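Under my numbering, the first residue of the sequence shown is numbered 3, with each subsequent residue one higher.
Comments concern the structure below.
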Amino acid sequence: MNSSPRPADAPAPSQKTLPDPDAGARRVVRLCFAAALVVLALWVARSYLAALAWAAVIAIGAWPLYRRFAARMPGRVLAPLAFTALTAVVIAIPVVLALIEIGRESQAIVGWAGRARETGVPAPEWLVRAPLLGQHLDQWWRTNLADPKAAGDLFGGNANSLAEWSKSFGGQVLYRLFLALLTFMALFLLLRDGEKIAARVLALADRWLGGPGERLAERTVVAVRGVVNGTVLVAVGEGIIIGAAYVVAGVPHAVLFAILTGAFAMLPLGAWFAFTAAALVHLLEGGSGLSAALVFAWGAVVMLIGDNFVQPGLIGGAARMPFLWALIGIAGGLEVFGLVGLFLGPVVMAALLTIWREWIGAATASNAVIPDAAEPRSGISGHRGR
């Protein structure tokens with residue numbers, strides 16, 4: 003037992019680290035626990051996910067504008083707070099104007115429905131002269147609208163159901179206001195910490211999916227911004243321009259029809275129904291056929307230019323989709339997510355289209371590189387030919 007002591011500077015004997023046989027099992031348990039926690043959190047917040055989605059859509063769409071706005075304002079809190087307040091005002095103004103106009107016009111609509119229940123709605127003289135279906139339309143009108151009893155059955159409302167609806171209306175208003183408050187609170191947080199959140203999302207996408215995942219996240223952001231800006235700005239512009247034609251032509255309830263045109267312009271072919279209805283109402287209320295035709299023609303020209311030239315330029319190539327693809331995205335998004343699906347649906351379809359283009363681009367690049375590398379070789383053995 004006469005072992006000499008080990009020098010102080012001598013390396014310690016190496017110890018092999020044995021693999022932990024339970025590491026894989028613990029990793030699976032952690033992943034299952036995290037997944038269950040995420041599902042539980044989504045279930046708890048399910049009623050408010052739409053508000054968070056609205057905040058994310060607004061933040062992504064307005065981020066370049068916010069960066070320029072924040073560069074002129076000091077402070078980490080003042081800039082996002084002021085921008086959130088301005089965004090709330092910009093969104094609230096058209097909503098309040100629409101509600102005021104609807105409330106104003108609803109009195110006229112209720113009065114017209116009351117007169118229709120008492121005297122019926124006389125058929126216009128030009129209806130019987132309409133080509134192909136004129137006589138059938140005139141007969142249907144006289145049967146269902148001109149007869150006071152039939153018109154009363156058509157326009158008569160149930161007083162009890164109306165009272166019940168008015169009682170629940172106040173609760174719905176308070177609930178919507180609470181959702182709006184959550185949306186703007188989330189928008190403030192996203193604007194304040196947007197760069198940190200974006201960095202973490204990119205890091206997570208890179209960890210899970212590698213380089214293609216990071217590119218997908220970046221292009222998804224571009225797609226959201228393009229869809230929001232292209233859809234909202236073009237729809238507002240089309241509503242204003244076509245609404246000016248309503249005012250010039252003397253269309254009844256021109257402001258209400260202009261608001262409806264701008265709102266329906268966010269849907270594929272939606273504005274066409276709006277200005278067609280405006281032209282028909284103008285004709286039914288005693289307007290000339292020429293002015294009604296000019297209203298329809300002006301709306302068609304504005305929509306063709308906006309949808310085929312202006313909107314593709316604003317959306318850009320990263321989010322540009324075929325019409326059928328966009329239509330499926332909007333209709334499916336509205337059905338699944340509600341009103342916010344108007345933007346989420348096209349973004350999901352744009353992300354899928356981006357993945358498809360990435361795969362096609364990668365396959366095309368690989369097919370182009372392999373023949374060039376193999377071209378100098380000849381024969382089965384692969385030796386270079388002399």
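Beta carbons: idealized from backbone N, C-alpha and C, even for Gly.
Computed from a prediction, not measured in an experiment: that's the story for all the values here.
Skipping 5 residues on each side, what residues in its chain have a beta carbon closer than 6 Å to that of residue i?
i: residue 293; result: 251
i: residue 188; result: 54, 57
i: residue 272; result: 266
i: residue 1; result: Given that the chain is displayed from residue 3 to residue 388, the structure contains no residue 1 and the question cannot be resolved.
i: residue 243; result: 304
i: residue 245; result: 260
For residue i, which residues in the same chain have their Cβ closer than 7 Å to its Cβ, ignoring the five residues on either side in sequence?
i: residue 58; result: 192
i: residue 280; result: 248, 253, 259, 297
i: residue 80; result: none
i: residue 357; result: 218
i: residue 103; result: 257, 258, 261
Quick one: Cα of residue i to Cα of residue j, how far?
i: residue 100; j: residue 82; result: 28 Å
i: residue 278; j: residue 241; result: 13 Å
i: residue 290; j: residue 302; result: 19 Å
i: residue 309; j: residue 247; result: 18 Å
i: residue 194; j: residue 260; result: 36 Å
i: residue 299; j: residue 324; result: 25 Å
i: residue 37; j: residue 74; result: 42 Å
i: residue 1; j: residue 331; result: Nothing about residue 1 can be read from this structure; the chain reaches only from 3 to 388.
i: residue 39; j: residue 33; result: 10 Å
i: residue 352; j: residue 105; result: 38 Å
i: residue 222; j: residue 230; result: 12 Å
i: residue 95; j: residue 239; result: 16 Å
i: residue 372; j: residue 359; result: With a pLDDT of 47 at residue 372, under the threshold of 50, the predicted position of this residue should be treated as unreliable, and no value is reported.
i: residue 203; j: residue 220; result: 10 Å
i: residue 150; j: residue 121; result: 5 Å
i: residue 164; j: residue 177; result: Below a pLDDT of 50, predicted positions are generally treated as unreliable, and residue 164, at 47, falls in that range; no measurement from the model is reported.
i: residue 182; j: residue 341; result: 13 Å
i: residue 262; j: residue 49; result: 28 Å
i: residue 311; j: residue 76; result: 39 Å
i: residue 47; j: residue 199; result: 20 Å
i: residue 201; j: residue 78; result: 18 Å
i: residue 41; j: residue 35; result: 10 Å
i: residue 137; j: residue 307; result: 37 Å
i: residue 30; j: residue 180; result: 39 Å
i: residue 161; j: residue 175; result: Its pLDDT being 45, under 50, residue 161 is placed unreliably by the model, and nothing is read from it.
i: residue 234; j: residue 98; result: 18 Å
i: residue 60; j: residue 210; result: 26 Å
i: residue 268; j: residue 27; result: 50 Å
Just checking my contact of residue i with residue j at CB under 8 Å: how many whole Å lie between their CB atoms?
i: residue 196; j: residue 237; result: In fact, because the Cβ distance is near 26 Å, the residues do not count as touching under 8 Å.
i: residue 227; j: residue 347; result: Not a contact, Cβ separation roughly 16 Å.
i: residue 53; j: residue 184; result: 4 Å
i: residue 355; j: residue 327; result: 7 Å
i: residue 276; j: residue 266; result: 5 Å
i: residue 186; j: residue 72; result: With 8 Å as the limit, residue 186 and residue 72 do not qualify as a contact, their Cβ atoms being about 17 Å apart.
i: residue 270; j: residue 336; result: Actually they are not in contact, since the Cβ atoms of residue 270 and residue 336 sit about 11 Å apart, beyond 8 Å.
Might you give, ordered along the chain, the residues of its own chain that have their beta carbon closer than 8 Å to the beta carbon of residue i, omitting 5 neighbours on each side?
i: residue 254; result: 283, 284, 287
i: residue 274; result: 301, 302, 305
i: residue 51; result: 44
i: residue 173; result: none
i: residue 85; result: 64, 68, 71, 72, 193
i: residue 190; result: 82, 83, 86
i: residue 206; result: none
i: residue 339; result: 52, 55, 346, 347
i: residue 295; result: 281
i: residue 93; result: none
i: residue 66; result: 227
Of all the CB atoms in chain B, is at least one closer than 7 Å to the CB of residue i?
i: residue 276; result: Protein chain content of the structure displayed is limited to a single chain, and chain B is not contained in it.
query = Whole beta strand (DSSP E) runs in the stretch 13–97 with 3 or more residues, listed along the chain?
reply = With a minimum length of 3 residues, no continuous beta strand (DSSP E) run stays inside the stretch 13–97.
query = Which runs of the alpha helix (DSSP H) spanning at least 4 residues fall entirely within the stretch 182–247, listed in chain order?
reply = Fully enclosed alpha helix (DSSP H) runs of 4 or longer: 196–211.
task = Run through the stretch 268–308 for me and flag every whole alpha helix (DSSP H) of 4 or more residues, listed as ranges in chain order.
result = DSSP runs (the alpha helix (DSSP H)) wholly in the stretch 268–308: 272–286, 291–307.
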